[in-house]
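Numbering of the sequence shown is given in my numbering, commencing with residue 1112 and proceeding in unit increments. Some notes on the structure that comes next.
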Amino acid sequence: MERVPVPTRLYLQDGQAMLQTARLPAAVYEAPFLSDGLRQALSEGEAARSAESCPVKDLPEEGALPAGLIFHVSRCGSTLVTQMLGTLPGVRGVSEPEALSLYLLHCAQGTCAFDAEAFRRLIKAFGRGAGPGGRYVIKFSSWNLLFLDRILAALPEVPWVFLTRDATEVMASNFRNPSAPLRWYRSREPWFKTCFPDWPGEEPDAPEAFFAWCLARYARKAREHEGPRCLWMDYARLPGMVHSHLLAHFGLEVDAAQRARMDEKGRYRAKGDTRQTFVPDGAAKRAEATEAIREAVKRWLPPPAGPAPESDRADGG
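Dropping the structure here:
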């Protein structure tokens, strides 16, 4: 079984960001989220004999940068896109690595200083052992968009994509199964103030208003950096837009057999029971949205001007 160096933990030591790595089966990257693959490998004692730690700033400088970065509003097909790209020979899909999120959080909190070169080296750590050509893509957690300025300043040459979806559907999905920002809002743990210091907090308990405002911030951050390196993709055009736009944007080429493998991956659920055929659920999510969700969307996320995006068959998760 092929083993590669995999970042397993980021922590602080004397105000310095440290990265722990271990030689693990390359298959850890095939899980819907890297944390899932790591949890399985670590529970089996895979890392015990090979764990090493190093200051992030002292990680190797050599190594390839990602072929592309994936940002998203959550529950909009980003996991599907990452897994489809990961079916390509020599391409690794890295899904929401916690080490990147923790580094960004600690820097935002001021417990360690952000260093663009150190961040580049941390990014490259996820491409180690990626095979011939070392091609890989990184999907960030949705709220990492709050730190898009720093991420793109550190990686000025890397193309990126921003995935969106009907806001009411995103809201309904998040209230069914809360993502990190909603959990932080409800618990008011320190990460909440770190990430959302400008939340006006007009009502003491208004999770719908908060999360709609949060989604609006994500979109605003992406718009601030629109340009040739940025591609906007809508959930309603997945998975077709992966072939028609994203592959070329990330400089990836596929033949007929590789495209067929990507399409086969796109037929199934990206999370949960990945053996189940995906069934579009947009209508169901809109139907379950509460009045509070609808009002929050109307206030913070008015529909864009212009025609609705052309449909390429909604798929993903």
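Glycine is no exception: its CB is placed at the ideal position from the N, C-alpha and C atoms.
Residue i to residue j span [Cα, whole Å]
| i | j | result |
| --- | --- | --- |
| Leu1149 | Gly1201 | 21 angstroms |
| Met1373 | Arg1380 | 13 angstroms |
| Ala1327 | Leu1233 | 29 angstroms |
| Leu1358 | Thr1388 | 24 angstroms |
| Leu1176 | Ala1398 | 42 angstroms |
| Arg1287 | Asp1392 | 13 angstroms |
| Asp1169 | Ala1229 | 8 angstroms |
| Gly1221 | Leu1257 | 16 angstroms |
| Lys1235 | Ala1133 | 15 angstroms |
| Glu1402 | Trp1411 | 14 angstroms |
| Leu1130 | Ser1164 | 5 angstroms |
| Pro1308 | Glu1300 | 12 angstroms |
| Ala1278 | Glu1113 | 41 angstroms |
| Glu1172 | Ser1154 | 31 angstroms |
| Pro1413 | Ala1330 | 12 angstroms |
| Leu1263 | Leu1145 | 22 angstroms |
| Ala1219 | Asp1226 | 12 angstroms |
Residue(s) in a DSSP beta bridge with residue i
| i | result |
| --- | --- |
| Ala1133 | Val1117 |
| Thr1388 | Tyr1379 |
| Arg1246 | Val1202 |
Beta-carbon contacts of residue i that lie in its chain and below 6 angstroms, excluding the five residues immediately before and after
| i | result |
| --- | --- |
| Leu1213 | Leu1121 |
| Phe1273 | Phe1182, Ala1333, Trp1343 |
| Ala1210 | Pro1118, Leu1121 |
| Arg1203 | Tyr1140, Ala1241, Tyr1247 |
| Val1167 | Ala1128, Leu1130, Ala1229, Leu1233 |
Residues of its chain near residue i, where Cβ-Cβ distance is below 8 angstroms and the 5 sequence neighbours each way are ignored
| i | result |
| --- | --- |
| Leu1259 | Phe1182, Lys1332, Ala1333, Glu1335, His1336 |
| Leu1216 | Trp1302, Thr1305, Cys1306 |
| Met1282 | Glu1319, Phe1322, Ala1323, Leu1326, Ala1400, Ile1404, Ala1407, Val1408 |
| Leu1123 | Met1129, His1217, Thr1222, Cys1223 |
| Glu1364 | Leu1358 |
Rounded distance between the beta-carbons of residue j and residue i, thought under 8 angstroms
| i | j | result |
| --- | --- | --- |
| Gly1179 | Val1248 | 5 angstroms |
| Trp1271 | Arg1340 | 6 angstroms |
| Ser1185 | Asn1285 | 6 angstroms |
| Glu1141 | Gly1197 | 7 angstroms |
| Pro1136 | Ala1162 | 15 angstroms between Cβ atoms; not a contact. |
| Leu1199 | Gln1369 | 6 angstroms |
| Pro1292 | Trp1254 | 5 angstroms |
| Cys1223 | Ala1128 | 5 angstroms |
| Arg1239 | Gly1174 | 7 angstroms |
| Lys1396 | Glu1268 | Their Cβ separation, rounded to whole angstroms, is 37 angstroms, which puts Lys1396 and Glu1268 out of contact at 8 angstroms. |
Proximal residues to residue i (C-beta, below 7 angstroms), its chain only, five neighbours per side dropped
| i | result |
| --- | --- |
| Ser1355 | none |
Task: Whole runs of the alpha helix (DSSP H) within the region 1281 to 1333, excluding any shorter than 4 residues - done: 1291 to 1298, 1301 to 1306
- [ ] Ignoring anything shorter than 4 residues or poking outside the region 1199 to 1224, list the alpha helix (DSSP H) runs there in chain order.
- [x] 1209 to 1220
Task: Contiguous beta strand (DSSP E) assignments of at least 3 residues, all confined to the region 1155 to 1186 - done: If we require 3 residues or more, the beta strand (DSSP E) runs fully inside the region 1155 to 1186 come out as 1163 to 1166, 1179 to 1183.
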